[in-house]
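One structure below.
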Amino acid sequence: MKTIHLVIDDKPIIAPEGANIFQASLDNGIYIPGLCYHPKLSQFGGCRLCMVEVTERRTGHRFACAHPVSEGMIVKVNTPKVIQYRKSVMEFLLAHHPLDCPTCDKAGECGLQDVTHELNLFPGRYKTVRMDAPMIRDNPLLELNRNRCILCGRCVKACKEIEGVGAIDFQNRGIKTVIGTAFDRPLECSFCGGCTAVCPTGAWQDRTLGFKGRPWEFNKTPTICPYCAVGCTVVLNTKMESVRRITSDDYTGINEGNLCVKGRFGHEFIHSPERIKTPLIRKNGELYPTSWDEAIEYVAKRFQQIINEHWGTAIGGIGSEKCTN
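Quick note on numbering: the sequence shown equals residues -14 to 310 in our numbering.
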């Protein structure tokens, strides 16, 4: 692969040809704020926060996520003019954003919070006009709070480009633009929860979480999803020895961080009082708990009895990629 040599904040960088400035900076530990950028998704500079100063024969300002690197390019990430521009953009975003962090499940892992703190923003210069759109709860798994949405487009792109469904899109135009379904119908999709995973502000929320804990309170344990033979890598978020939610890490495991509805939301069985935790043997029509050794011995004995009485053709097995892992 051909490589490109450039300089970002006086640091010599080698990046693959075709990479954008944002990814090249990220790969080399240089922070550029951005709320619409995601490495899995196509970029369009929607949030306008990743503005940088670029010198390519002449100096100008470009969006880092949408501008490819070029040989000999010189990039300045934090010039006074660039920082002032970012602060102005954030002031516009915060003027419409509800300050409900204490009750938002995204607090603590919110991109908007992170950028606000990074820029040391105080109350802005503009009069605040908060939206008062109703919460959309038309299914038991996902909810959409349009008041928190900054129209970054991540959820729309994830639904189209990763899941291949396209259940949501931008609606209306101008200041009336919102995220939603066609004709505001109830959400009809695979409910993979990818929209909640990529949302930077908490506009999309996991309804199964519902105030069960804050991100910094969770112990995170990587493991394998038990539902099918694919073997997706998931991350259990536990608190007080109880699984509160399931997340994933991008580019980790065979699933590369993508999950289906069962992998992301199907965890309530773990603590169900009806869950079978020990082997059961049926005696006289009733099931009785037993040890694993006794259960395995019983199964082997019954297999042999069936073979002796009805030959081996009387025994069959079920195997499928949809069986539990």
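Note that beta-carbon positions come from the ideal geometry of N, C-alpha and C, so glycine has one too. Note that the structure is a prediction, hence the values are computed from the model and not measured.
Residue burial classification, residue i (beta-carbon count within 10 angstroms, cutoff 16)
| i | result |
| --- | --- |
| Gln289 | exposed |
| Cys308 | exposed |
| Val327 | The shown model of the chain, from -14 to 310, leaves out residue 327, and the question about it has no answer. |
| Arg47 | buried |
| Lys(-4) | exposed |
| Ala118 | exposed |
| Val141 | buried |
| Gly179 | buried |
| Ala49 | buried |
| Lys91 | buried |
| Arg133 | buried |
| Thr232 | buried |
| Gly242 | buried |
Residue i, DSSP secondary structure in three states
| i | result |
| --- | --- |
| Asn293 | helix |
| Asp191 | strand |
| Asn132 | helix |
| Lys224 | strand |
| Val60 | strand |
| Pro200 | helix |
| Lys(-13) | coil |
| Ile209 | strand |
| Thr218 | strand |
| Thr232 | strand |
| Ile303 | coil |
| Leu127 | strand |
Nearest residue (CA-CA) to residue i, options the options
| i | options | result |
| --- | --- | --- |
| Lys224 | His256, Gly251 and Cys245 | His256 |
| Cys130 | Glu173, Asn157, Leu79 and Cys184 | The amino acid occupying residue 130 in the given sequence is Asn; Cys does not appear at that position. Closest option to Asn130, Cα to Cα, is Cys184. |
| Gly149 | Cys177, Asn132, His102 and Thr298 | Cys177 |
| Met36 | Gln69, His23, Thr263 and Glu56 | Gln69 |
| Glu128 | Thr232, Gln28 and Ile164 | Ile164 |
| Gly31 | Leu136, Asp(-6), Arg230 and Leu221 | Leu136 |
| Asn105 | Asn269, Pro258, Met75 and Cys134 | Met75 |
| Thr181 | Tyr236, Cys245 and Gly159 | Cys245 |
| Pro211 | Arg249, Ser175 and Gly187 | Arg249 |
| His52 | Leu265, Ser73 and Gln28 | Gln28 |
| His23 | Asp154, Asp234, Glu306 and Ser276 | Asp234 |
| His81 | Met116, Leu194 and Gly96 | Met116 |
| Asn20 | Gly187, Gly242 and Thr166 | A small correction: the amino acid at residue 20 is Leu; Asn does not occupy that position in the sequence shown. Closest option to Leu20, Cα to Cα, is Gly187. |
Alpha-carbon spacing of residue i relative to residue j, whole angstroms
| i | j | result |
| --- | --- | --- |
| Leu143 | Cys86 | Sequence check: residue 143 is Ala here, not Leu. Roughly 25 Å separates the two Cα atoms. |
| Gly216 | Ile209 | 6 Å |
| Arg396 | Glu279 | As shown, the chain starts at -14 and ends at 310. That puts residue 396 outside it, with no answer to give. |
| Ile261 | Thr(-12) | 56 Å |
| Val39 | Trp201 | 37 Å |
| Ile281 | Thr298 | 21 Å |
| Thr44 | Phe203 | 46 Å |
| Met58 | Pro171 | 48 Å |
| Arg42 | Lys66 | 20 Å |
| Glu271 | Asn124 | 39 Å |
| Ser276 | Arg287 | 17 Å |
| Leu194 | Arg230 | 6 Å |
| Ile(-7) | Leu34 | 17 Å |
| Lys112 | Val100 | 20 Å |
| Lys25 | Asn222 | 23 Å |
| Asp191 | Glu146 | 21 Å |
| Lys72 | Phe254 | 46 Å |
| Pro273 | Arg267 | Residue identity check: residue 273 is Tyr in the sequence provided, not Pro. For Tyr273 and Arg267, the distance between alpha carbons rounds to 6 Å. |
| Gly14 | Met(-14) | 22 Å |
| Ser227 | His252 | 10 Å |
Proximity test, residue i beta-carbon vs the ligand GDP heavy atom, cut-off 7 Å
| i | result |
| --- | --- |
| Val114 | Judged by which ligands are present, the structure shown has none, so any question about the ligand GDP falls away. |
- Query: Curious, which full-length beta strand (DSSP E) runs of at least 3 residues does the stretch 236 to 288 contain?
  - Reply: With a minimum length of 3 residues, the continuous beta strand (DSSP E) runs that stay inside the stretch 236 to 288 are 265 to 268 and 271 to 274.
- Enumerated in chain order, which unbroken segments of the alpha helix (DSSP H) with a length of 4 residues or greater are wholly contained in the stretch -7 to 55? Correct list: 6 to 12.
- Report the residue ranges of all beta strand (DSSP E) runs contained in full by the stretch 149 to 177; include only those spanning at least 3 residues, in chain order. Correct list: 154 to 156 and 163 to 165.
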